[in-house]
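Read through the structure below, which is laid out as structure tokens, and then see the notes.
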Amino acid sequence: MSVGHYENFPVGSLLLPARIRPAVHAIYHFARSADDLADEGDAAPEARLAALDDYRQRLLAIAGGGDGDGHPVFAPLAEQMARHALPAQPFLDLLSAFSQDVSVTRYASFADLISYCRRSANPVGRLMLHLFNEHDSRSLAMSDGICTALQLTNFWQDVALDWQKGRVYLPQDALAKYRISEAQIAAGDTGGLWSVMMREQIGRARSMLAAGAPLARQLPGRFGLELRLIVLGGETILRKLHQSGGDVFRQRPTLQARDWLYMGWRALRKR
11 MSVGHYENFP
21 VGSLLLPARI
31 RPAVHAIYHF
41 ARSADDLADE
51 GDAAPEARLA
61 ALDDYRQRLL
71 AIAGGGDGDG
81 HPVFAPLAEQ
91 MARHALPAQP
101 FLDLLSAFSQ
111 DVSVTRYASF
121 ADLISYCRRS
131 ANPVGRLMLH
141 LFNEHDSRSL
151 AMSDGICTAL
161 QLTNFWQDVA
171 LDWQKGRVYL
181 PQDALAKYRI
191 SEAQIAAGDT
201 GGLWSVMMRE
211 QIGRARSMLA
221 AGAPLARQLP
231 GRFGLELRLI
241 VLGGETILRK
251 LHQSGGDVFR
261 QRPTLQARDW
271 LYMGWRALRK
281 R
């Protein structure tokens, strides 16, 4: 499956042990399809919310021991939830965030954005740790830091793309602080204090990523290697964003072949 909007989700990567790849695919298929219910197509908000509520009821059914009734998303998920004793709450948190996407298009403060990331991004990391029997509270906290930082990185990287969808994830109080209007975003104008504002947001994501990064060095084997590559990818995008002054309108940062080579070298060295 294409990673689509979930650029940071290790979708059954060959780096991951074969025993957990079906679970990763099932989790991803759930998250991707639920996200599509909230975002894709021309359905009315009421229809989107109803579809997400149907997902919620199906999820509760398989969490209670159901087999998914042959549903292409929930039958495989039911099998993997039973096999790995996956908790239902992270999936419910994802659905809560997707439902919020239907009705909320602006965030008043950075704290509001972090609350959203807690449900839209952090559950993915917690589910991955569960698959590797990592339940230590410190590991969970570092995972949350990484996942939130990566979600923020996607937001800063995709300011122009999100605007086309009618969404602004830059905190409204930050825009007001630096006297940046939404008209400036619409025009792709990086004048005034745009770079100062963007570098402040980039710094926030960098700090959170750095706080969680030790987890990628302490986890063993292929999972540790996979996570180090993910963290390094986030670091690289943030560095490019900073260097451009946050000009995502003319030079949206992406990972190039040379970036992957350097990231692979650093990941293998555990540094």
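Numbers 11 to 281, taken from our numbering, label the letters of the sequence shown in order.
Backbone N, C-alpha and C define an ideal beta-carbon position, used for all residues, glycine too.
The Cβ atoms of Gly244 and Leu219 lie closer than 8 angstroms to each other. Close CB contacts of Leu242 within its chain, under the 7 angstroms cut and outside five residues either way in sequence, are with Met273, Arg276 and Ala277 (chain order). Here Asn143 carries a coil assignment [DSSP, helix/strand/coil]. In the structure shown, Leu203 adopts coil according to DSSP, grouped into three states.
Taking 8 angstroms as the cut-off, the Cβ atoms of Ile212 and Gly256 count as close.
In the displayed model, Thr163 falls within a helix according to three-state DSSP. Taking Ala215 as reference, the option from Leu141, Thr158, Pro27 and Ala121 with the minimal CA-CA separation is Thr158. The DSSP-derived three-state label of Tyr126 is helix.
Under the three-state reduction of DSSP, Leu87 is assigned to helix. Residue environment analysis places Val206 among the exposed positions, since fewer than 16 neighbouring C-beta atoms fall within 10 angstroms of its C-beta. Under the three-state reduction of DSSP, His94 is assigned to helix.
If you draw a straight line from the Cα of His39 to the Cα of Gly202, it is about 42 angstroms long.
Ser113: member of the alpha helix (DSSP H) spanning Gln99 to Ser113, first to last residue. For Ile195, the closest alpha carbon among the candidates Lys187, Leu239, Phe259 and Ile72 is that of Phe259. In this structure, Ile37 is the residue among Ala118, Glu210 and Ile37 with its C-alpha nearest to the C-alpha of Phe101.
Boundaries of the alpha helix (DSSP H) around Gln228: Pro224 to Gln228. Judged by beta-carbon spacing, Asp103 lies beyond the 8 angstroms limit of Ala88, meaning their Cβ atoms are not closer than that value.
Excluding the 5 residues flanking it on each side, Ala85 has same chain C-beta neighbours closer than 6 angstroms at Gly78, in chain order. In the structure shown, Asp49 adopts helical secondary structure according to DSSP, grouped into three states.
Ile72: member of the alpha helix (DSSP H) spanning Pro55 to Ala73, first to last residue. With distances taken between CA atoms, Ala28 lies nearest to Phe233 out of Phe233, Cys127 and Asp49.
Within the stretch 225 to 272, no beta strand (DSSP E) run of at least 3 residues lies entirely inside it.
With distances taken between CA atoms, Phe165 lies nearest to Ile247 out of Arg58, Tyr65, Ile247 and Glu56.
With contacts defined by Cβ atoms closer than 8 angstroms, Ala184 and Arg262 do not form a contacting pair. Contact check for Gln182 against Arg116 passes: the beta carbons are separated by less than 8 angstroms. If you draw a straight line from the Cα of Ala121 to the Cα of Leu150, it comes to about 20 angstroms. Burial check for Asn143: the Cβ neighbour count within 10 Å stays below 16, so the residue is exposed.
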